[in-house]
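For reference, the structure is listed below as structure tokens.
Number of protein chains: 2
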Amino acid sequence: MINFTPGPSQLYFTVETHVRQAFRDGVTSMSHRSKEFEVISKSAKEGLKELLGIPNDFHIFFVGSATEIWERTIQNLVREQSLHFVNGAFSKRFHEIATQLGKCATKIEAPLGQIFESNYKIDSTLELIALTHNETSTGAMLSMDFINQFRTQSPDSLIVVDAVSSLPYPQFNFSKIDSVFFSVQKGFGLPAGLGIWIVNDRCIAKAESLQSKGISIGTYHNLPTLLSNAKKNQTPETPNVLGIYLLGKVIEDFLRRGISIIRKETEYKAAIFYQAISAHPLMQPFVSDANARSQTVLVAETGNHTELIKKQLEAHGFFPGDGYGEQKKTQLRFANFPTHSKETFERLVDLLVNVN
Amino acid sequence: MINFTPGPSQLYFTVETHVRQAFRDGVTSMSHRSKEFEVISKSAKEGLKELLGIPNDFHIFFVGSATEIWERTIQNLVREQSLHFVNGAFSKRFHEIATQLGKCATKIEAPLGQIFESNYKIDSTLELIALTHNETSTGAMLSMDFINQFRTQSPDSLIVVDAVSSLPYPQFNFSKIDSVFFSVQKGFGLPAGLGIWIVNDRCIAKAESLQSKGISIGTYHNLPTLLSNAKKNQTPETPNVLGIYLLGKVIEDFLRRGISIIRKETEYKAAIFYQAISAHPLMQPFVSDANARSQTVLVAETGNHTELIKKQLEAHGFFPGDGYGEQKKTQLRFANFPTHSKETFERLVDLLVNVN
């Protein structure tokens with residue numbers, strides 16, 4: 001059985017072996033104040049920096065979930081106003097969280113399955129610009145040019161990128177953004193229960209500045225507290241130690257395979273998938289603009305044929321994800337993560353081509 | 357090797373088998389919006405209600421850690437003022453979090469290794485009374501009479517009990533308290549990364565009342581949002597699904613063994629331990645008042661003999677926890693959790709008796 005739901009998704013194929021090793025090595029009952037934990041935590045962070053090309057003025061923090069990072073981002077980085085680019089359920093939720101926290105959160109919207117016009121005039125006094133690189137609900141993906149345009153226009157704004165369902169695929173230009181985050185149960189193929197928050201020194205400075213003005217930035221998971229613990233390769237609370245260990249191990253596997261190979265394979269798999277469904281009479285890519293199509297969450301508009309297509313795939317052990325929300329019965333979503341091999345996608349495409 | 361550190365501690369002996377089953381059953385890549393997850397979540401909650409005798413006006417929520425619950429408790433249940441009973445590092449941290457969140461948080465302090473005078477006159481306008489049932493740092497444990505006295509004195513105050521390192525041992529009278537919480541890596545013998553927050557309808561009403569007054573109670577993990585998701589046996593964010601599954605399985609194991617047997621064995625193990633160290637020339641219980649001695653985190657004052665005792669135990673594969681903070685080199689802590697069998701404690705006591 002192969003799971004194509006876009007998260008939690010199919011585990012990376014090495015995870016079960018790493019879990020067995022974790023039990024043998026006592027990771028599952030290890031103190032988070034021990035030297036052994038510090039080694040595990042440091043190794044996961046250094047591996048991630050190498051994998052994604054993260055510069056040294058960025059810090060990596062382990063928290064509960066990407067949902068938590070939405071809240072902590074607003075709490076730590078916004079005094080009054082944030083701007084959100086919203087084109088689906090998840091970018092919408094990020095905006096809602098800012099509103100719920102009492103911020104003046106404005107949004108620029110695009111219809112489901114679309115991205116945004118390429119040039120925006122941004123108010124340069126904005127504190128934070130929130131971008132969702134890959135809208136998991138619709139399979140629309142922002143271009144790097146789009147993301148990178150804001151730094152020049154508004155050098156003082158913090159630019160924050162939700163890359164929950166795209167990393168490790170995208171190659172960000174870290175000089176153009178201030179923060180990026182993801183959760184481990186998607187592209188990294190791990191059991192759920194860990195969010196990874198990457199921020200630069202500008203974010204730390206902003207949080208400290210809010211704190212010094214007496215504005216609440218939370219307690220154990222505010223940026224200064226996360227940073228002072230991370231400097232010791234520790235965490236403020238008892239974290240998901242096993243999850244951090246497994247992340248480090250899967251990153252080692254990714255590094256061994258090579259990130260450029262992972263990226264090229266991702267594009268190859270997406271290309272043969274979109275080609276097959278574009279040519280098929282019963283389905284088509286939901287995102288019509290080819291440049292806006294996600295490389296990691298591939299969404300097929302399947303209309304009345306959804307059940308038929310699903311059944312034929314499931315009969316061969318291939319389990320697609322349902323469409324999101326109102327699209328539950330008319331779309332199918334296919335995760336294209338590092339755990340899904342070229343051979344798997346070639347078989348998937350064969351099965352799709354033969355659906356009738 | 358047997359790990360006596362008071363958390364993360366020795367795993368419950370069935371955990372590795374349950375993890376293997378979880379991989380076989382696809383729990384590790386299960387969607388938290390699936391029926392299968394709802395079954396797992398419901399089963400863990402119902403098992404816990406049965407195990408601890410939790411009444412139906414209480415709700416069980418899965419969050420990241422007990423540290424998170426400190427923050428969420430203050431955020432959701434306190435508008436202005438809370439009272440904290442502080443007798444060690446962890447009760448102190450709970451108080452600090454309230455202060456950091458801008459509340460008028462007062463404290464009543466007792467020296468390390470002691471509990472509080474039995475009768476307190478409480479200001480009945482207090483919103484919240486925070487009690488730490490078992491101070492993990494010192495091994496001092498509150499009596500049930502102490503905890504239960506507050507309801508009558510101050511019926512409108514919410515009474516919140518941190519039972520991080522004592523559950524499932526204590527048998528709370530849920531008509532006398534409003535909330536209790538723990539994390540899974542201690543008494544439940546699970547890998548770290550999950551906090552369990554138990555609250556009654558009075559807590560929900562308080563959070564709703566703060567929210568209706570425009571006071572921020574957080575976003576995805578505020579009580580009304582947790583409740584509306586929990587009613588569907590779901591969680592607001594992608595949670596630690598494996599952790600929730602394992603909790604349910606270990607609770608089944610505990611229920612099979614019987615909670616009264618677990619409680620009796622806990623008391624037996626604590627009794628033989630305290631008896632042995634009380635009679636020993638090189639060590640003594642740190643908590644001098646026998647009625648204040650923890651049944652689940654047993655702390656020995658070992659002074660200059662700490663290294664000697666530690667080495668002799670470790671030579672037999674018995675690994676005690678260090679003393680906490682400034683007591684690191686002069687005390688040893690021994691977790692007495694359900695995973696530590698009577699036979700294990702009988703051997704530990706033999707080894708301790710023979711230390712010279």
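Chains as they are written, first to last, in the working numbering: chain A, 1 to 356; chain B, 357 to 712.
A virtual CB, placed ideally from N, CA and C, is assigned to each residue, including glycine.
Inset, instruction - Mind checking which residues open and close the alpha helix (DSSP H) that includes A/Val-241? - result: By 1-based counting over the first sequence, the position of residue 241 of chain A is 241. That run of the alpha helix (DSSP H) goes 241–257.
Legend entry - 8 Å contact criterion, which A/Pro-338 and A/Pro-168 should meet: CB distance rounded: Indexing the first sequence from 1 puts residue 338 of chain A at position 338. Indexing the first sequence from 1 puts residue 168 of chain A at position 168. With a contact defined as Cβ atoms closer than 8 Å, A/Pro-338 and A/Pro-168 qualify at about 7 Å.
Legend entry - 7 Å Cβ cut-off: residues of chain A touching B/Met-386: Looking up residue 386 of chain B in the second sequence gives position 30. Those are Pro-8, listed as they occur along chain A.
Inset, instruction - Using a Cβ-Cβ cut-off of 9 Å, state whether A/His-221 counts as contacting chain B. - result: Here residue 221 of chain A corresponds to residue number 221 of the first sequence, with the count starting at 1. Yes, its Cβ sits closer than 9 Å to a Cβ of chain B.
Inset, instruction - Closer than 7 Å, Cβ to Cβ, to anything on chain A: give me those residues from the segment 588–613 of chain B, in chain order. - result: Correct list: Pro-592, Glu-593, Thr-594, Pro-595, Asn-596, Val-597, Leu-598, Gly-599.
Inset, instruction - With A/Phe-188 as the anchor, note down where its alpha helix (DSSP H) starts and where it stops. - result: The residue given as residue 188 of chain A occupies position 188 in the first sequence. That residue, A/Phe-188, is in no alpha helix (DSSP H); it is neither H nor E in DSSP.
Legend entry - Sufficient close CB pairs (3 or more, under 8 Å) joining the segment 485–493 of chain B to the segment 440–460 of chain B: Contact between the segment 485–493 of chain B and the segment 440–460 of chain B is present, because at least three Cβ pairs lie under 8 Å.
Legend entry - Cβ-based neighbour list, A/Glu-68, same chain, cut-off 8 Å, excluding 5 preceding and 5 following: Your numbering for residue 68 of chain A matches position 68 in the first sequence. Annotation for A/Glu-68: Gly-195, His-221 place their beta carbon closer than 8 Å to its own, counting only its chain and skipping 5 residues before and after.
Legend entry - Neighbourhood of A/Leu-101 by C-beta, 6 Å cutoff - its chain only, sequence neighbours within 5 removed: Start at 1 with the first residue of the first sequence, and residue 101 of chain A comes out as number 101. Excluding its 5 nearest sequence neighbours in each direction, A/Leu-101 has C-beta neighbours in its own chain below 6 Å: Ile-74, listed in chain order.
Legend entry - DSSP state of B/Ala-466 mapped onto helix, strand, coil: On the second sequence, position 110 is the one that residue 466 of chain B refers to. DSSP places B/Ala-466 in coil when its eight states are reduced to three.
Inset, instruction - Return the CA-CA distance between A/Ser-124 and B/Phe-379, expressed in angstroms with no decimal places. - result: Reading the first sequence from its first residue, position 124 is the one you call residue 124 of chain A. Reading the second sequence from its first residue, position 23 is the one you call residue 379 of chain B. Looking at the backbone, the Cα of A/Ser-124 and that of B/Phe-379 are separated by about 50 Å.
Inset, instruction - Return the residues of the segment 475–488 of chain B that lie within a Cβ-Cβ distance of less than 8 Å from chain A, sorted by chain order. - result: Hits within the stretch: zero.
Inset, instruction - Excluding the 5 residues preceding and the 5 following A/Asn-240 in the sequence, name in chain order all residues of the same chain whose CB lies nearer than 7 Å to its CB. - result: Walking along the first sequence from the start, residue 240 of chain A turns up at place 240. Around A/Asn-240: Gly-193, Leu-194.
Inset, instruction - Label A/Gln-21 either buried or exposed according to how many other C-beta atoms from any shown protein chain fall within 10 Å of its C-beta, with 16 as the threshold for buried. - result: In the first sequence, counting from the first residue as 1, residue 21 of chain A sits at position 21. By the Cβ-count criterion, A/Gln-21 is exposed, with fewer than 16 other Cβ atoms from all chains shown falling within 10 Å of its own Cβ.
Legend entry - Cross-strand partners of A/Gly-321 (DSSP beta bridge): Stepping through the first sequence from its first residue, residue 321 of chain A is reached at position 321. Beta-bridge annotation (DSSP): A/Gly-321 is paired with A/Arg-333.
Legend entry - CA-to-CA distance, B/Glu-394 to A/Val-19, given in whole angstroms: The residue labelled residue 19 of chain A in the question sits at position 19 within the first sequence. The residue labelled residue 394 of chain B in the question sits at position 38 within the second sequence. About 25 Å.
Inset, instruction - Answer with yes or no whether the minimum CB distance from A/Leu-194 to chain B is below 9 Å. - result: What you label residue 194 of chain A is simply residue 194 of the first sequence in a count that begins at 1. Output row for A/Leu-194: interface = yes.
Inset, instruction - Tell me, please, whether the CB atom of A/Leu-298 is closer than 9 Å to any CB atom in chain B? - result: By one-based count along the first sequence, residue 298 of chain A stands at place 298. No, A/Leu-298 does not count as interfacial toward chain B.
Inset, instruction - Quick one: using the 10 Å Cβ neighbour count with 16 as the cut-off for buried, is A/Asp-162 buried or exposed? - result: Here residue 162 of chain A refers to the residue found at position 162 when the first sequence is read from its first residue. That one is buried.
Legend entry - CB contact check: A/Val-349 to chain D, cutoff 9 Å: Judged by its chain identifiers, the structure shown contains no chain D, and its protein chains are A and B.
Inset, instruction - Could you tell me whether the Cβ of B/Trp-426 comes closer than 9 Å to any Cβ of chain A? - result: Within the second sequence, residue 426 of chain B is the residue found at index 70, counting from 1. Yes, B/Trp-426 counts as interfacial toward chain A.
Inset, instruction - Answer with yes or no whether the minimum CB distance from A/Met-1 to chain B is below 9 Å. - result: Within the first sequence, the letter at position 1 stands for residue 1 of chain A. Interface annotation, A/Met-1: in contact with chain B, CB-CB separation under 9 Å.
Legend entry - Contact test: B/Gln-366 Cβ vs the ligand NAP heavy atom, cutoff 8 Å: This structure does not include the ligand NAP; it has no bound ligands of any sort.
Inset, instruction - Would you be able to state if there are at least three C-beta pairs under 8 Å between the segment 357–373 of chain B and the segment 26–40 of chain A? - result: Flag = yes, the segment 26–40 of chain A and the segment 357–373 of chain B touch.
Legend entry - Three CB pairs or more closer than 8 Å across the segment 343–356 of chain A and the segment 276–285 of chain A: Yes, the segment 343–356 of chain A touches the segment 276–285 of chain A.
Inset, instruction - State the beta-bridge partners of A/Leu-282 as determined by DSSP. - result: Counting from one through the first sequence, the residue named residue 282 of chain A turns up at place 282. For A/Leu-282, which the question treats as bridged, DSSP gives no partner whatsoever.
Inset, instruction - Give the secondary structure of A/Ser-179 by DSSP, where H, G and I count as helix, E and B as strand, and everything else as coil. - result: Reading the first sequence from its first residue, position 179 is the one you call residue 179 of chain A. When DSSP states are grouped into helix, strand and coil, A/Ser-179 belongs to the strand group.
Inset, instruction - Starting from the Cα of A/Ala-230, find the closest Cα among A/Ser-41, A/Lys-329, A/Ser-294, A/Glu-307 and give me that residue. - result: Along the first sequence, read from residue 1 onward, the residue named residue 230 of chain A stands at position 230. Nearest option by C-alpha distance: A/Ser-41.
Legend entry - When A/Phe-182, A/Val-78, A/Ala-270, A/Val-180 are compared against A/Phe-345, the one with the closest alpha-carbon: On the first sequence, residue 345 of chain A is found 345 positions in, with the first residue counted as 1. For A/Phe-345, the closest of A/Phe-182, A/Val-78, A/Ala-270, A/Val-180 by C-alpha to C-alpha distance is A/Ala-270.
Legend entry - Members of the segment 172–186 of chain A that neighbour chain B once the beta carbon cut-off is set at 7 Å: Residues passing the 7 Å Cβ filter: Ser-183, Gln-185.
Legend entry - Selected residue, minimal CA-CA separation from B/Leu-404, among B/Ile-607, B/Pro-676, B/Phe-472: Position 48 of the second sequence, counting from 1, holds the residue named residue 404 of chain B. Selected option, being the one with the closest Cα: B/Ile-607.
Inset, instruction - Measure from the C-beta of A/Glu-96 to each C-beta in chain B and report whether the shortest distance is under 9 Å. - result: Numbered from 1 along the first sequence, position 96 holds the residue referred to as residue 96 of chain A. Taking 9 Å as the threshold, the shortest C-beta distance from A/Glu-96 to chain B falls below it.
Inset, instruction - Give a yes or no on whether 9 Å exceeds the smallest Cβ distance from A/Phe-318 to chain B. - result: Against the first sequence, residue 318 of chain A aligns to sequence position 318. No, its Cβ sits nowhere closer than 9 Å to a Cβ of chain B.
Inset, instruction - Out of B/Ile-615, B/Glu-372, B/Asn-589, B/Arg-612, state which residue places its alpha-carbon closest to the alpha-carbon of B/Glu-392. - result: Taking the first residue of the second sequence as position 1, residue 392 of chain B is located at position 36. Ranking the options by Cα distance to B/Glu-392, first place goes to B/Asn-589.
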